[in-house]
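**Student:**
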Amino acid sequence: MQIKLETLEHQTEALAAIDKAFKGVDTRTDDADADYVYANPLIYQRYKDEANVDIKMETGTGKTYVYTRLMYELHKKYGLFKFIIVVPTPSIKEGTKKLYY
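Numbered by UniProt numbering, the letters in the sequence shown go through residues 1 to 101 in order.
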């Protein structure tokens, strides 16, 4: 079985924006301390007014593809291998209802 996916422009833009946020950041450390991460001047400068990086996409825009590709790219380029993806349950529940009822 072969899966053929078409990457859409907005998906490519989302991946590029995330990649841009990580450019020049040294992610190779044995220290998982948040103070160490925010002590990095590049990270601090980019996100000093925000506590986190948030990626939001509408239903049906290819979130699963973007997040899967994002994890692959961040692991390949920066060696990251732990990810947390938060999904709003009510949205998924309503989408499932529409699909099956």
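Ideal Cβ positions, reconstructed from N, Cα and C, are used throughout, including at glycine.
Predicted model, so just to flag it, every value in this text is computed and none were measured.
1. Should Gln11 and Gly62 be called a contact, given that it needs their Cβ atoms to be closer than 8 Å?
2. Looking at the structure shown, is Gln2 part of a helix, part of a strand, or coil, going by DSSP?
3. Helix, strand or coil: which one does DSSP assign to Ile43?
4. Rank Leu5, Lys56, Tyr44 and Glu6 by C-alpha distance to the C-alpha of Ala17 and give the top, closest one.
5. Give the secondary structure of Val66 by DSSP, where H, G and I count as helix, E and B as strand, and everything else as coil.
6. Excluding the five sequence neighbours on either side, which residues of its own chain have a C-beta within less than 6 Å of the C-beta of Phe83, listed in chain order?
7. Mind reading off the beta-carbon distance from Thr64 to Ser91? Whole number of angstroms is fine, and I expect it under 8 Å.
**Tutor:** In terms of the structure at hand:
1. yes
2. coil
3. helix
4. Lys56
5. helix
6. Cβ neighbours of Phe83 beyond the five flanking positions: Met71.
7. Not quite, the Cβ-Cβ distance comes to about 13 Å (not below 8 Å), so this is no contact.
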